[in-house]
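Q: Pasting a structure below so you can have a look.
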Amino acid sequence: MQVIAANIDVAYLVMTMGSDFNLSRLERYLALTKESRAKPVIVLTKADLCDDITPIVSAVRDCAPSIDLQIVSSPKGLGLQEIASYLDGHRTGVMVGSSGAGKSTLLNALLKTEHAATGAVSAHGGQGRHTTTHRELVCLPSGGLLIDTPGMRELGMVNASEGLAAAFGDFALEVEALAQDCRFRNCQHESEPGCAVRAACEDGRLDERRWNNWVKMTREISLQQQKGDPAMQREARREQLRLNRLSRKSKRNT
Ligand SMILES: Nc1nc2c(ncn2[C@@H]2O[C@H](COP(=O)(O)OP(=O)(O)OP(=O)(O)O)[C@@H](O)[C@H]2O)c(=O)[nH]1
Ligand SMILES: [Zn+2]
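Numbering follows this note's numbering, with no gaps: position 208 of the sequence shown is 208.
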């Protein structure tokens, strides 16, 4: 996939439990991570700002039942050890998450002391469409490496079709089963009469938010496949090589 390089061991999917919490974004991150061999870990931040984490945690559990989930509060130090432990044995992790999710704050909390941060290697990308304007690779006291990426909001879904299917799991099967009852065999589940999928959304048997996100992501993928967008693919390869170099260099210096 585009951002998560081949030699990344762990992908932290960082999301706030504050007002910006968004399940559709999580589904997108999961689809993108599935394309890499990195182990995804969902990190829910700002636990200290949340009176009751139960509804958010159970929504995430429903959405991604088999993915590790960690609750974090950077100012209170909650969950920091658990986050760091994924990188034991000099493994490399990357943090993805939209702006304001709490990535930098978490990174700094993990570093604990300002002193540890002075050994950090930082890199600045160019101004290209999908290059990052800011990315930092730091060495944790335990020896693990952690890369902070900026928001993935505008990330496309290149090569993510398998990831999409995997991230949505049984949902795709559920839709397929419902579609058996659509009046037209080639129903696109848009505005056709007698559409069983739309009907299930309307009466709540099918999660409408999830359905809409699925449709949106499927469209993005097929659009990009049609275009084949070679410039974007070149850009992604360059970015990956750069990240690999950065990681190797930093490991040599450890
Ligand atoms: N109360 C509380 N505030 C937090 C926590 N984590 C982050 N914040 C605050 O949330 C805001 C955004 O945090 P950042 O760490 O800058 O977010 P980011 O994900 O690095 O954002 P970008 O750098 O734009 O990608 C800051 O004001 C932080 O102080 C937390 O666990 N608890
Ligand atoms: Zn239909």
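Even glycine gets a Cβ: it sits at the ideal position worked out from N, Cα and C.
As the structure is a computational prediction, the values presented were derived from the model and not from experiment.
How is the beta strand (DSSP E) around I42 delimited, first residue to last?
A: K39 to T45 is the extent of the beta strand (DSSP E) around I42.
Q: Could you work out which residue in A165, R205 and N108 is closest to E35 when comparing CA atoms only?
A: For E35, the nearest C-alpha among the options comes from A165.
Q: Can you have a look at L223 and say buried or exposed, based on whether 16 or more other CB atoms are within 10 angstroms of its CB?
A: exposed
Q: Alpha carbon to alpha carbon, how far is R37 from D9? Give it in angstroms, no decimals.
A: 7 Å
Q: Return helix, strand or coil for L49, following the three-state DSSP convention.
A: L49 falls in the helix class under three-state DSSP.
Q: Under the rule that 16 or more other beta-carbon atoms within 10 Å means buried, what is N213, buried or exposed?
A: buried
Q: Is the CB-CB distance between A84 and S142 below 8 Å?
A: Cβ atoms of A84 and S142: closer than 8 Å.
Q: Please work out which residues of its chain come closer than 8 Å, Cβ to Cβ, to V197, disregarding the five sequence neighbours upstream and downstream, and give them in chain order.
A: V175, L178, A179, C182, C187, H189, L206 and W211
Q: With 16 as the cutoff for other CB atoms within 10 Å, does F184 come out buried or exposed?
A: exposed
Q: So, helix, strand or coil for G194, using DSSP?
A: coil
Q: Could you tell me the boundaries of the beta strand (DSSP E) in which L145 lies?
A: Start and end: L145 to D148.
Q: Applying the 10 Å Cβ sphere with the 16-neighbour rule, what's the burial state of D202?
A: Note on identity: in this sequence residue 202 is Glu, with Asp being the wrong assignment. Its Cβ having fewer than 16 others within 10 Å, E202 is exposed.
Q: Is A109 near G144, with beta carbons less than 8 Å apart?
A: no
Q: What separation, rounded to the nearest whole angstrom, lies between the Cα atoms of S146 and E208?
A: According to the sequence displayed, residue 146 carries Leu and not Ser. If you take the alpha carbons of L146 and E208, they lie about 36 Å apart.
Q: G102: beta carbon under 7 Å from a heavy atom of ligand 1?
A: yes
Q: Applying the criterion that 16 or more other CB atoms from any shown protein chain within 10 Å of the CB defines a buried residue, is D48 buried or exposed?
A: exposed
Q: Mapping DSSP to helix, strand and coil, what is D9?
A: coil
Q: So, helix, strand or coil for S19, using DSSP?
A: coil
Q: Output the distance between the C-alpha atoms of M217 and R28, rounded to the nearest integer angstrom.
A: 8 Å
Q: Out of K46, V57, L87 and G89, state which residue places its alpha-carbon closest to the alpha-carbon of S74.
A: K46
Q: From V94 to V14, what does the alpha carbon distance come to, in whole angstroms?
A: 10 Å
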